[in-house]
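Only one structure is covered here, and it is reproduced in the block below.
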């Protein structure tokens, strides 16, 4: 049985008991829409969230049953994941029954979206920039073609494993931002988490590019893998993403993955983590007495946002905790 991950503490972006105010402020976050309450009487609606370039996470609890009608929107894809309760939706000629832990609605720009929210509904909406998503999809496929259709998704997400994966990734991003503070999260981390969400959606949810995304990648020359690995080694302190590395060496993301698996027996992400662990160890070993170097600062510098996970990865790779390495250096 799927269990919802605990929500991180967040300050609401919106808290109001005025319907017009609610619609106006949510329109600023999403797109033009109307809200028709299913009953009269008071309510208190809350919207909290995390906003990063290309991907925003908005958690909504309106405290009442409503019919929400959203106009077609041009610039993003919205994945609506019930956290509690359920809803029905009409979108792109399909009816969707979305229930917490099992199913979700994928809204795309092509047509109006009509949703009937239950009174107990608590909803997490992933707002993903369409240009960023389509660009990322282009990096995943093995060959580019100007004749490919616009990226469109089946609105019915009814594979529990996919909904659970997206929810887990979204919760991780919320937790990292809540723990670190808005604007203070290492861009290395947000870029990686954004790519993970987009990969899950593109590969897990049927869409107009599914056949191309699942096509066997082309063979990758050994020299190209070496070039990508060298790029990681020489720019490890920068906010590298697998997508950006693939683009730099002229490959699709899937082809880059296949080449790394064949040549180095690991994924590009695993290789980059190894490089960054090596740089972190070098910083710990080079620390001087009185320099004020801390393990958490070294971890953050090299893109490890969670000290516990950094310590686990470091211990697995070097057989000791990073704090032990630093203490021995400073003796």
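Numbering (the numbering used here), first residue to last: 114 to 444.
Just so it is clear, CB atoms sit at the ideal spot from N, CA and C, and this is done for glycine as well.
Using a Cβ-Cβ cut-off of 6 Å (strictly less than) and excluding sequence neighbours within five positions of residue i, which residues of its own chain qualify?
i, result
"residue 191", "220, 238, 240"
"residue 307", "167, 168"
"residue 235", "174, 196, 197"
"residue 128", "159"
"residue 114", "Low confidence applies to residue 114: its pLDDT is 37, below 50, so where it sits in the model is not reliable, and the reading given next is rough at best. Cβ within range, chain order: n/a, list empty."
"residue 271", "216"
"residue 406", "400"
"residue 98", "Given a span of 114 to 444 for the chain in the structure shown, any question on residue 98 remains unanswerable."
Assuming residue i and residue j form a contact by the criterion Cβ under 8 Å, report the distance between their Cβ atoms to the nearest whole angstrom.
i, j, result
"residue 171", "residue 160", "6 Å"
"residue 316", "residue 301", "Incorrect: roughly 23 Å between the Cβ atoms, too far for contact."
"residue 423", "residue 356", "Between residue 356 and residue 423 the Cβ distance is about 23 Å, and since that is not below 8 Å, they are no contact."
"residue 362", "residue 341", "5 Å"
Short check: CB of residue i to CB of residue j, under 7 Å?
i, j, result
"residue 252", "residue 365", "yes"
"residue 163", "residue 176", "no"
"residue 269", "residue 209", "yes"
"residue 400", "residue 439", "yes"
"residue 264", "residue 322", "yes"
"residue 245", "residue 228", "no"
"residue 388", "residue 360", "no"
"residue 282", "residue 310", "yes"
"residue 428", "residue 434", "yes"
Kindly indicate which residue of the options has the alpha-carbon position closest to the one of residue i.
i, options, result
"residue 60", "357, 187, 213, 226", "One cannot answer for residue 60 here, as it falls past the ends of the chain, which runs 114 to 444."
"residue 216", "278, 189, 164, 222", "278"
"residue 165", "236, 338, 286, 194", "286"
"residue 390", "403, 416, 378", "416"
"residue 419", "324, 385, 346, 291", "291"
"residue 275", "319, 152, 374, 242", "319"
"residue 358", "376, 378, 134, 337", "337"
"residue 313", "405, 224, 273, 207", "273"
"residue 143", "387, 181, 151", "181"
"residue 397", "436, 347, 388, 349", "436"
"residue 413", "280, 245, 394, 134", "394"
"residue 421", "409, 430, 432, 431", "409"
"residue 284", "299, 303, 266", "303"
"residue 140", "183, 224, 382", "183"
"residue 205", "267, 384, 378", "267"
"residue 152", "137, 432, 138, 132", "132"
"residue 335", "293, 324, 375, 125", "375"
With DSSP as the reference, label residue i as helix, strand or coil.
i, result
"residue 118", "Only weak support is given to the placement of residue 118: the predicted model assigns it a pLDDT of 47, under 50, and the question is left unresolved by the model."
"residue 285", "helix"
"residue 370", "helix"
"residue 220", "strand"
"residue 240", "strand"
"residue 266", "strand"
"residue 392", "helix"
"residue 203", "strand"
"residue 434", "coil"
"residue 180", "strand"
"residue 407", "coil"
"residue 213", "coil"
"residue 169", "strand"
"residue 153", "coil"
Once you ignore the five residues that flank residue i on each side, which residues in its own chain have a CB closer than 7 Å to its CB?
i, result
"residue 231", "178, 198, 199, 200"
"residue 155", "130"
"residue 305", "354"
"residue 193", "211, 217, 218, 220, 236, 238"
"residue 149", "179, 180"
"residue 233", "197, 198"
Can you list, in chain order, the residues of its chain whose CB lies under 8 Å from that of residue i, leaving out five sequence neighbours each side?
i, result
"residue 59", "Given that the chain is displayed from residue 114 to residue 444, the structure contains no residue 59 and the question cannot be resolved."
"residue 402", "443"
"residue 426", "386, 390, 417"
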